[in-house]
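Here the structure comes first, spelled out in structure tokens, and everything after it is commentary.
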Amino acid sequence: MDGRKLRVGVIFGGRSGEHQVSLWSAASVMRAMDPERYEIVPIGITQDGHWIAGAGAMALLDEGEAGGEVHDVAILPDPTDPALMRVDGHNGEFILRRMAELDVIFPVLHGPYGEDGTIQGLLELAGIPYVGAGVVGSAVGMDKAVFKAVMIAHGLPVLPHRLVLRSEWEADRDAVLDRIEADLDYPMFTKPANLGSSVGISKVRTRRELAAGLDAAARYDRRLLVEKGINAREIEVSVLGNDAPIASIPGEIVPGDEFYSYKAKYLDDSSELLIPAPISDELAESAREMAVAAYRAIDCAGLARCDFLLDRDTGKLYVNEINTIPGFTRISMYPKLWEATGIPYPELIDRLIELALERYDEKSRTQTSYEE
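In numbering that gives the first Met the number 0, the protein residues as written are 0 to 371.
Here it is, written out as structure tokens:
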């Protein structure tokens, strides 16, 4: 980069139930970035999808007051001019001015419109390198039902589950309940298929609770997942890399709530993170191997956290889900696992940016026109 600082656009906020979690993660990432190496361009997305940038963007989304310079911005799907554009409007007319040429984007957007391949598609069209999985890996990792289907295809164990469309649920509630009860035993978990941070997840033990759980999940997605509940321990493994990914030591979540709910993750400190997980060396190695296999199966890149359920009664390990943009505060499991494995938080951020540029260079070798 001809001796100058690398200009990194950090995108946060977004149109998701995980908007606030994104702000916490992004603030932590930006604080840890080396100011001698990076010029940070904060880019915020409001909950209604409006893009803003500038020193006051984080404060505006988090506190409602900018406290610094903020401009309306956009990234155009034009690889011939991969810049952050300032948008000035007056009387229905808009003028675009180049605000910053970005060397790489660090998306810290959890959930829909950020972790699901949509922002990745825009950045692919714009020709800007970015941290994390591409369109396919992001989309498959985001949709829990599709992810489980891919795991089954690759011979990786997942719990029995059923997919329900919101339209099916609204059309004939009793038929849906009958079908689920015929296939799965209580307790069960109901979840939005495309959301993380335990938003919209319920543990249900009766038909009435199952109906309420499906109603709760349907607030956040049109695809609803119902999964068999087991007496489980929650094991997590962080993965890092592109074509040759590596896995961290496993950790264990001991929820302060009945399961690792949004409240237990972010709003109280009653949950415990056990690093390393108190499991056998053999099981730990199995979890690491399965995490890398799941990562490769969905063509992930950069980073992901693979979550497992360990059946207390049988000792069997199940792949639960993969998070392609996991929580990234200093107390989040993804960076803490790497810190315990030997990669401190600031170095982890450096590596992720290097991996983004490496993957962009690799993709740039691909021919996009046909010549005999």
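All residues carry an ideal CB built from backbone N, CA and C; glycine is no exception.
Quick caveat: nothing in here was measured; it's all calculated off a predicted structure.
Exposure label - residue i; buried when at least 16 CB within 10 Å
| i | result |
| --- | --- |
| Phe-93 | exposed |
| Glu-100 | exposed |
| Val-9 | buried |
Chain-order list of residues whose beta-carbon lies under 7 Å from that of residue i (same chain, five-residue window excluded)
| i | result |
| --- | --- |
| Arg-311 | Asn-230, Ala-231 and Arg-232 |
| Glu-338 | Tyr-344 |
| Ala-286 | Ile-234, Val-236, Pro-249, Phe-307 and Leu-316 |
Option nearest residue i by Cα separation, candidates the options
| i | options | result |
| --- | --- | --- |
| Glu-357 | Val-145, Asn-241, Tyr-37 and Met-32 | Asn-241 |
| Asp-182 | Glu-62, Gly-326, Asp-47 and Gly-228 | Gly-228 |
| Ile-39 | Leu-59, Gly-67, Arg-6 and Ala-58 | Arg-6 |
| Leu-316 | Ser-166, Gly-43, Leu-209 and Glu-235 | Glu-235 |
| Ala-303 | Met-32, Ser-331 and His-89 | Ser-331 |
| Glu-123 | Asp-87, Gly-140 and Asp-80 | Asp-80 |
Local conformation of residue i per DSSP, three classes
| i | result |
| --- | --- |
| Gly-136 | helix |
| Gly-70 | The sequence shown places His at residue 70, not Gly. If DSSP states are grouped into helix, strand and coil, His-70 belongs with the strands. |
| Val-40 | strand |
| Leu-183 | coil |
| Asp-87 | strand |
| Leu-308 | strand |
| Met-32 | coil |
| Ala-231 | strand |
| Phe-93 | strand |
| Ser-279 | coil |
| Arg-218 | coil |
| Leu-356 | helix |
| Ser-166 | helix |
| Val-236 | strand |
| Glu-64 | coil |
Sequence-distant residues of its chain with Cβ nearer than 8 Å to residue i (five each side left out)
| i | result |
| --- | --- |
| Ser-260 | Reliability of the predicted coordinates at Ser-260 is poor, the pLDDT of 47 falling under 50, and no value is obtained from them. |
| Glu-288 | Ala-246 |
| Arg-350 | Leu-239 and Ile-342 |
Close beta carbons around residue i, own chain, < 6 Å, minus the five adjacent residues each side
| i | result |
| --- | --- |
| Val-135 | Asp-298 |
| Ala-296 | Val-149 and His-153 |
| Trp-23 | Thr-328 |
| Ala-283 | Pro-249 |
DSSP bridge partner residues for residue i (one or two, in chain order)
| i | result |
| --- | --- |
| Thr-189 | Ser-201 and Val-225 |
| Val-175 | Val-175 pairs with nothing; no bridge assigned. |
| Val-253 | Glu-271 |
| Pro-106 | Ile-10 |
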